[in-house]
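Respectively, the protein sequence lines represent chains A and B.
Under our numbering, think of the first position of the first sequence as 1, with each following residue one higher.
Under our numbering, think of the first position of the second sequence as 1001, with each following residue one higher.
Below: one structure, written as structure tokens.
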Amino acid sequence: MLDDLDRRGFLKLAGLGAGVTFASGLGFKADPALAADSDFYFVQLTDTHWGFSGPKVNPEALNTLPKAVAAVNALATPPDFIVFTGDLTHTTDDPLERRKRMAQFKAIVGELKVKTIRYLAGEHDASLDKGEAFREFFGEMHYAFDHKGVHFIALDNVSDPGAKLGEAQLDWLKADLAKQKPEQSIVVLTHRPLFDLYPDWDWATQDGAKAIDLLMPYKNVAVLYGHIHQEHHKMTQHIAHHAATSLIFPQPAPGSQPKRTPPVEWDPAHPFRGLGFREIAAKAKVPAVTLAEVPLVKA
Amino acid sequence: MPIPRRRCALFLLMGILGLGLLGRSGAEERPIVHITAKRFEYEPPVVKLKKGVPVTIELTALDRQHGFKVPQLGLRVDAWPGETTRVELIPDKSGTFEFVCDVFCGSGHEDMDGKIIVEE
Ligand SMILES: [Cu+2]
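Quick look at the structure:
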């Protein structure tokens, strides 16, 4: 799969090869080369699950998000913006508690020294109330914006608990794409994967193929998502899909155990292992994006 | 192939038409298996079927929408509170087939599953 990406030369997975160095602890810096030769870069954080408690999988659950905020603030070059790709908070049945968690999350990420933060919902935030609380705190659940020549599209595949984008949103996507030229660099942001990564574990979007079909005529498309709590890369023809690591606990590799639970246990010898965020260098011209994975601490 | 049906009225109508056409062919004796979904379990959690013997699965939910997906038998439907979802199934292979909830129903959804055991 990685060969596939390299062969196409569409993007280089900087975080997987030599050339990107990370300082240990929280003192790491953004790869200077990454920032220097790109038009801009932004940071993706995902699956922070604020409110989650599970000593076996993350006894540091209360510290992980503030630690990530500090790590992003310590980047040598601040990113243009930050995107959270869902599961900002952990599920609760209590509408008041849900809002309390969202308020706490917002206060913590309010410490980020970056003005523009974009939010997407995850199923933990939005499936039980169809996104009602999320909208109150973070605004619309699907939207588009342009930044320095790159077109961004945020899609909602979680407020329907059955993991559907739905016809109305697909129509909106179609209308939005109709305004773009075929060579436009497009970055799609979602929570769940749009392709069938592992449907038995809900690692899919029921009508995701319809969105991929709509995106297919565009030559430079990358989809960034979360949900699966691990790095993953996949091509659907020329469209690249990249999952980022979580900030609460890692999940098992797709199909590597009978069920998706239990998640990967905390290893006291390697605290915060498998947790981190991602820097994405983006250019208005191809290659559209270059990724750098940033561990929360050096493994 | 299993045929999911949301509306019991439609199913009943087809059933009546079917009976009319088939007369006393025995189609009305298709056994019914009731499965109830609630957070985060199915009742019963294990369903035993016979290979080649047609059954009707009747699903309902107690608390909120749930999913019922049996990937290995190519079957997926929704279960809703206050409604009955009926699916016809003729198991064409023996074995143990897991079913899961694929509608996010809360913390614990990930563990919501059951088994269909099809015997020869
Ligand atoms: Cu369920």
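We put the beta carbon where it would ideally sit given N, CA and C, even for glycine.
Chain-ordered neighbours of residue i on chain A, where CB pairs are closer than 8 Å
i       : result
D1078/B : G162
G1067/B : G162
D1102/B : G162, A163, P199, D202
P1071/B : P199, D200
6 Å CB neighbourhood of residue i in its chain, flanking five on each side removed
i       : result
I1032/B : T1056, E1058
K164/A  : Q206, D207
D80/A   : F40, F42
P300/A  : Since the first and last residues shown for chain A are 1 and 299, residue 300/A lies out of range.
Y119/A  : F84, F138
A18/A   : Because A18/A carries a pLDDT of 22, less than 50, the predicted location of this residue cannot be relied on, and the following value inherits that uncertainty. Nothing listed; no residue qualifies.
F52/A   : A61, H90, I248
E1090/B : Before going further, note that residue 1090/B is Ile rather than Glu in the sequence given. Hits under 6 Å: P1054.
R101/A  : W50, G51, T89
D315/A  : Residue coverage of chain A in this structure runs from 1 to 299, which leaves residue 315/A outside it and unanswerable.
I186/A  : H151, Y218, V221
Chain B contact residues for residue i, given Cβ-Cβ distances below 7 Å
i      : result
R260/A : E1110
Whether residue i touches residue j by CB criterion (8 Å)
i       : j       : result
V297/A  : F272/A  : yes
V1103/B : G162/A  : yes
M216/A  : Q184/A  : no
Q1072/B : F1097/B : yes
H49/A   : T89/A   : yes
L197/A  : I212/A  : no
V221/A  : V188/A  : yes
W203/A  : I239/A  : no
Q230/A  : A209/A  : no
P182/A  : A133/A  : no
Y300/A  : Q180/A  : Past the edges of chain A, shown from 1 to 299, lies residue 300/A, and the structure says nothing about it.
E1147/B : T1060/B : Residue 1147/B lies beyond the range of chain B shown here (1001 to 1120); nothing can be said about it.
A269/A  : E279/A  : no
Interface partners of residue i on chain B, CB under 8 Å
i      : result
H321/A : Any question about residue 321/A goes unanswered here, given that chain A covers just 1 to 299.
9 Å Cβ cut-off: residues of chain A touching residue i
i       : result
P1081/B : Result: empty, since nearest Cβ-Cβ is about 13 Å, beyond 9 Å.
Whole-Å CB distance - residue i paired with residue j, under 8 Å assumed
i       : j       : result
V158/A  : G122/A  : 6 Å
T290/A  : S127/A  : No, T290/A and S127/A are not in contact; Cβ-Cβ is about 33 Å, not under 8 Å.
H242/A  : L214/A  : Actually they are not in contact, since the Cβ atoms of H242/A and L214/A sit about 19 Å apart, beyond 8 Å.
D47/A   : D87/A   : 4 Å
T342/A  : E1110/B : The shown model of chain A, from 1 to 299, leaves out residue 342/A, and the question about it has no answer.
C1101/B : G1067/B : 5 Å
Contacting residues, own chain, Cβ-Cβ under 7 Å from residue i (five flanking each side not counted)
i       : result
K113/A  : N73, P78
S1094/B : K1051, V1118, E1119, E1120
R1064/B : P1081, C1105
L45/A   : A68, I82, F84, L247, F277
G1108/B : R1039, F1040
L1013/B : Because L1013/B carries a pLDDT of 42, less than 50, the predicted location of this residue cannot be relied on, and no value is offered for it.
P66/A   : I108
G255/A  : Y198
Cutoff 8 Å; reference residue i; Cβ partners in own chain excluding five residues on either side
i       : result
K1115/B : P1045, V1046, V1047, T1096, F1097, E1098, F1099
R1024/B : Confidence at R1024/B is low in this model, with a pLDDT of 41, below 50, so the placement of that residue should be treated as unreliable; the coordinate-derived value is given next. Closer than 8 Å at Cβ, skipping near neighbours: no residue.
K148/A  : D39, F40, D80, A282, A284
L1049/B : V1033, V1055, L1089, P1091, I1116, I1117, V1118, E1119
Positions along the segment 117 to 136 of chain A whose CB lies within less than 8 Å of some CB in chain B = E123, H124, S127, L128
key: Near-chain B residues of the segment 76 to 109 of chain A (beta-carbon distance less than 9 Å), N- to C-terminal order   = H90, T91, T92, D93
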